[in-house]
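K.L.:
This is the structure I want to talk about, given as structure tokens.
Protein chains in written order, with our numbering: chain A, 2 to 440; chain B, 1290 to 1887; chain C, 63 to 220.
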């Protein structure tokens, strides 16, 4: 069964960023439909579609919107999380570079549904082309009454401001993003209060991901039933299901790295073999990151895992994350791979909570020493202890960064322990080059 | 009142209490670094993790699987808290191992040793070794962080209490966190040190040896210090304080938490403003008769003197003319020899005679000027004694030092005071501890408060032949014009602590004590009466004011502030509440309606 | 070192209506400052603090968190080239690329070439893993990089 891309359908078309071509392809009809509905009906439609946030946590988008207090006096803020920084992830970049209006239309619809007065699109600094594409698109929208006062005569008004980040992974955490937006260091906030009650500027706030916004546009355009017809249905009453199309990023040791749109629930093996041209150089996959490095690793035996919201968890991974698949071939040392992830999280830990600040840095130091041929088997127990003691799940940190730092350690030491033991006992040193950084 | 269960101890909790506070009242210590009741909750140190659950109406208990920070968790009805389960103990030990990873473990040279929460918690909740097998992060100490504070960067646990203090309490925002992750540090913006008038509080707030007081640094191991409750004398806020001393020597002053007085903090003027206690200009003993050589008085550092060792004290001359003990004037030597045991009976007798001789020739020609630096009991004893001699003797108030305006915190971005209702700390313009208390005494005995300006005018009009002036101020307190007028008096009795032009011209000098040497009560701006407990002994021939006045008025027995207060409660309606014990936090003496915000 | 130009100050003030708090202008203001001077001088921090009614320490707190803004002792070269070192790029030679580029340009990450043409930085995932190894030149991504390509970009030949 072939699947026709929806979110990416305009990718590669000439001048796909322009309002003119977007409207020629039927753009902003979803907004018109939404504006003809009462805001609660829009929320209902999104809830009915089963849309779960595409940023990593997979929380129901419609349900999140209902957490806003009723009858709010004063502003409500909509923050769009374009701080895509999870290693392996680039779907939002492509969406904004290629088809910014699809996302912006979703923002206006979501703003209308949540009665937001201002939207801030927090965009990571690295995405300069996205910034320029959005800047241009927003200008076009203001010029065509798709933004600003009384949008399309509906009585609803919204401003969208672009806010550029400055290269910090933690700004992708929703309360870190809010703090960064407010001009402070991006230290995630303690919850409660949750952003819906007290978010940006201490006002009710919704934070949504870029791809989620594109989904909202399509749900309003094609109806929640269409969205529900795609993906993996709920398995039990506690499982909210995995509905709709998803953008899968594929990178690492494959022949054709890239972005593909597929129904949620494709297996890792199918994704690699059918959509990424297989593992490169005729090699085999040793490990596969299922959804950004914070999700951990699938082993070669686990490649039939479905990449829906529930699948990676069943294989011991943290979750689907951003559905960014990184393939690691069998000639690669897992010690190098794990060192890379630990180094990343040590660099990106915001430094607020003791266990994460110290634990991530310590684990990176231990792995650096193992790579230098100075490891001991005891180090593996220490690493396991560190990984078990940091994160939201044991309750020792404010945000989930530490869980993301812990999971690759847990998975690697569980699924690839003999390789680590052999590495240490053989006294091997890493073949990989690494340049010491200034930070 | 809702009830919570802390390790099976049932305890009622207040509406705004968190689990740290509830546990504390249940006698259970939940270790914490970042949380402080006067600062915003950040829940970042993760030292206070506990297991929580809920006791259902049917008696069953359901626990949350993950740990939660006690500081961030409100004490809701029927909350069940475990602070000593294996899970909690493991998390506590792990957090401490993390905190100590890059810590230099330099307790042997650290000022905080003995009152350090890294030491205490490691002892109680930690483990004895670290598994770290890597080089520690090296950090550079920052002595430049403030005039009074130094940062030992590598001891910091990043609780950010200090940063939050400068943003939330002082409002001056000099401190910041720099960098990110494991290399972050506390710092200032280059060239803009943390010198606000509340800066010293960050040293108290720092739970470890990172922020240290330069004034106290390497002066004394804290376990040798003995602590006494006292009240800051620097302004009419009357901050409750701890006075830390050892071997009769004062080392530091720290705020003592008191919601009735100032809260948790104190200002640096008070914190470091006690140095006059050991000033080289301290009066060392009484003197009768005009000084023969200006500035040749009994002068000493009281602290260098142990009881009975007066010869050493004499070598500490106040002026260049007193190079050593041989330069002490003959009169002084004579008096001193007479009073080898105690010069005071002679001095006090001379004082009584001097007063009598003026009063005999006209009681209205004599005035007694009380000081707002006096304690209530002292003012009462002197006033009562004087009026018992003759009702016509004038009782008046000495100069009430006022400097600029009240200094209110937190400051705004341009240094402006906070809006009404947002005040968190006030350094008051009135630089004395007990104007209200002394005024109450004056109103009772004199019927009114005669200000010092009136006294100066009457002096000008040559209405007095003799005067008894009480000082006790930390620095010179009379200007030259007044001094000139006083020089015309036949009798000038000065009860004071520091050598000055005034004591030079006095006919009798009564060397009295500073607050640290005295016992008694002061009444702050809001009418709160608090007790100052004596912390150190005076030098041998210095008489703390309470005892001095007790003996001057020829009372029987020993001076005891509490019994004087009972007497006051009976005789002076304004002091009726003195019939009750004052307690550590003080007692409201009057209700003050201030024109300005408190 | 000098502070902000009047043009930059005005750019910052122009953003005031976009946010309900002045502090929210911190990041935009720092970007404006660095774009103008290739670094954020102490004086610029003071001036931003003044406009935003904050203390310089509060601005610097945020500034230093990101590791993105350069102080006046380390201004950026004409181009800032970030070489990605995160997993997807590492698997396809990111580390080797960075090592070779640094070697050929005689710089360490974070440093600027002697001719002032390029500052080489190491980056965490740049979000162009489909084109690993990738780099960011100022704020434009360049995919599927070789050391030759990066060096010619750094030398201003591409």
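In this text, a Cβ means the ideal position worked out from N, Cα and C, and glycines have one as well.
Please confirm whether residue 179 of chain A and residue 156 of chain A have their CB atoms less than 7 Å apart.
P.N.:
No; because the gap between Cβ atoms is not below 7 Å, this pair is not in contact.
K.L.:
Who does residue 321 of chain A pair with in a DSSP beta bridge?
P.N.:
The partner list for residue 321 of chain A (beta bridge, DSSP) is empty, contrary to what the question assumes.
K.L.:
Among A:198, A:258, A:152 and A:85, which has the Cα closest to the Cα of residue 329 of chain A?
P.N.:
The shortest C-alpha separation from residue 329 of chain A is found at A:258.
K.L.:
Can you tell me whether DSSP reads residue 1590 of chain B as helix, strand or coil?
P.N.:
Bear in mind that a pLDDT of 37 at residue 1590 of chain B, under 50, signals an unreliable position, so the model cannot answer this.
K.L.:
Within the 7 Å Cβ cut-off, does residue 162 of chain A reach chain C?
P.N.:
Chain C contact via Cβ: present.
K.L.:
Since residue 83 of chain A is in the beta strand (DSSP E), which residue starts that stretch and which ends it?
P.N.:
From DSSP, the beta strand (DSSP E) with residue 83 of chain A extends over 78-83.
K.L.:
Where do the ends of the alpha helix (DSSP H) carrying residue 23 of chain C lie?
P.N.:
What is shown of chain C runs 63 to 220, which leaves residue 23 of chain C out entirely.
K.L.:
Would residue 191 of chain A count as contacting chain B if we go by Cβ distances under 7 Å?
P.N.:
Yes, residue 191 of chain A counts as interfacial toward chain B.
K.L.:
Tell me, please, whether the stretch 1309-1318 of chain B touches the stretch 1386-1401 of chain B by the rule of three or more beta-carbon pairs shorter than 8 Å.
P.N.:
No, they do not touch.
K.L.:
Of all the residues that make up the stretch 1367-1384 of chain B, which are near chain A by a beta-carbon distance shorter than 7 Å?
P.N.:
Answer set for the stretch 1367-1384 of chain B: 1380, 1383 and 1384.
K.L.:
Please compile the residues from chain C whose C-beta is within a distance smaller than 7 Å of the C-beta of residue 1464 of chain B.
P.N.:
Going along chain C in sequence order, the residues near residue 1464 of chain B (Cβ under 7 Å) are 119.
K.L.:
For residue 88 of chain A, decide whether its Cβ has a neighbour in chain B, counting only Cβ atoms nearer than 7 Å.
P.N.:
By this cut-off, residue 88 of chain A is not an interface position.
K.L.:
Taking only beta-carbon positions, decide if residue 354 of chain A is within less than 7 Å of chain B.
P.N.:
Yes, residue 354 of chain A counts as interfacial toward chain B.
K.L.:
Quick one: is residue 1449 of chain B near chain C, going by C-beta distance under 7 Å?
P.N.:
By this cut-off, residue 1449 of chain B is not an interface position.
K.L.:
Assuming the contact rule is C-beta atoms closer than 8 Å, residue 1821 of chain B and residue 1809 of chain B should be a hit. Round their C-beta distance to whole Å, please.
P.N.:
Confirmed, Cβ separation roughly 6 Å.
K.L.:
Between which residues of its own chain and residue 1699 of chain B is the CB-CB distance below 7 Å, once the five residues before and five after are set aside?
P.N.:
Excluding residues within five positions, the ones whose Cβ falls inside 7 Å are 1457, 1458, 1459, 1460, 1707 and 1713.
K.L.:
In terms of DSSP beta bridges, what is residue 195 of chain A paired with?
P.N.:
The partner list for residue 195 of chain A (beta bridge, DSSP) is empty, contrary to what the question assumes.
K.L.:
Is it the case that the Cβ atoms of residue 166 of chain A and residue 126 of chain A are separated by a distance below 7 Å?
P.N.:
In contact: residue 166 of chain A and residue 126 of chain A (Cβ atoms closer than 7 Å).
K.L.:
How about the stretch 51-63 of chain A and the stretch 138-149 of chain A: do they share at least three Cβ pairs that are nearer than 8 Å?
P.N.:
The stretch 51-63 of chain A, when compared against the stretch 138-149 of chain A, does not touch it at the 8 Å Cβ threshold.
K.L.:
Return the residue from the list A:429, A:205, A:410 and A:359 that minimises the CA-CA distance to residue 65 of chain A.
P.N.:
Out of A:429, A:205, A:410 and A:359, A:205 has the C-alpha closest to the C-alpha of residue 65 of chain A.
K.L.:
In chain order, what residues of the stretch 344-368 of chain A put their CB closer than 7 Å to some CB of chain C?
P.N.:
Correct list: 345, 348 and 349.
K.L.:
With distances taken between CB atoms, is the gap from residue 1911 of chain B to residue 1716 of chain B smaller than 7 Å?
P.N.:
Not covered by the structure: residue 1911 of chain B. The range shown for chain B is 1290 to 1887.
K.L.:
Against chain C, does residue 1442 of chain B count as a neighbour if the rule is that its beta carbon must be under 7 Å from one of theirs?
P.N.:
For residue 1442 of chain B, the answer is no, since every Cβ of chain C falls outside 7 Å of its Cβ.
K.L.:
Buried or exposed for residue 219 of chain C, going by 16 or more other Cβ atoms inside 10 Å?
P.N.:
Burial call: exposed.
K.L.:
Can you give, in chain order, each stretch of the beta strand (DSSP E) that sits fully within the stretch 232-256 of chain A and has at least 3 residues?
P.N.:
Runs found: 246-253.
K.L.:
Residue range of the alpha helix (DSSP H) that residue 1734 of chain B falls in?
P.N.:
Counting along the chain, the alpha helix (DSSP H) containing residue 1734 of chain B begins and ends at 1724-1735.
K.L.:
Against residue 180 of chain C, what residues of chain A qualify as contacts under a CB-to-CB distance less than 9 Å, listed in chain order?
P.N.:
In chain order: nothing, as chain A lies at least about 15 Å away.
K.L.:
How many angstroms separate the CA atom of residue 1351 of chain B from the CA atom of residue 319 of chain A?
P.N.:
Cα to Cα, the separation comes out at about 26 Å.
K.L.:
Just by C-beta distance, which residues in the stretch 1481-1503 of chain B are closer than 9 Å to chain E?
P.N.:
Judged by its chain identifiers, the structure shown contains no chain E, and its protein chains are A, B and C.
K.L.:
Between the stretch 1319-1339 of chain B and chain A, which residues of the former have a C-beta closer than 8 Å to a C-beta of the latter?
P.N.:
Within the stretch 1319-1339 of chain B, the residues whose Cβ lies closer than 8 Å to some Cβ of chain A are 1330, 1331, 1332, 1333, 1334, 1335, 1336 and 1338, listed in chain order.
K.L.:
State whether the stretch 1370-1385 of chain B contacts the stretch 387-399 of chain A, with contact taken as three or more CB pairs (one from each stretch) at a distance under 8 Å.
P.N.:
They touch, by the three-pair rule.
K.L.:
Label residue 128 of chain C either buried or exposed according to how many other C-beta atoms from any shown protein chain fall within 10 Å of its C-beta, with 16 as the threshold for buried.
P.N.:
Its Cβ being crowded by 16 or more others within 10 Å, residue 128 of chain C is buried.
K.L.:
Our contact map puts residue 1719 of chain B next to residue 1686 of chain B with C-beta atoms below 8 Å; I'd like the distance itself, whole angstroms only.
P.N.:
The Cβ separation is near 13 Å, so there is no contact.
K.L.:
Take the Cβ of residue 1414 of chain B as the centre, count every other Cβ of all protein chains shown within 10 Å, and call the residue buried at 16 or more, exposed below.
P.N.:
Looking at its Cβ environment, which holds 16 or more other Cβ atoms inside 10 Å, residue 1414 of chain B is buried.
K.L.:
Considering only residues of the stretch 126-187 of chain C, which uninterrupted alpha helix (DSSP H) runs meet the minimum length of 4 residues and lie entirely inside it, listed in chain order?
P.N.:
Those alpha helix (DSSP H) runs which fall completely within the stretch 126-187 of chain C and span 4+ residues are 149-153 and 156-167.
K.L.:
Find out if the Cβ-Cβ distance for the pair residue 1435 of chain B, residue 1499 of chain B is shorter than 7 Å.
P.N.:
Result no, Cβ atoms of residue 1435 of chain B and residue 1499 of chain B do not sit closer than 7 Å.
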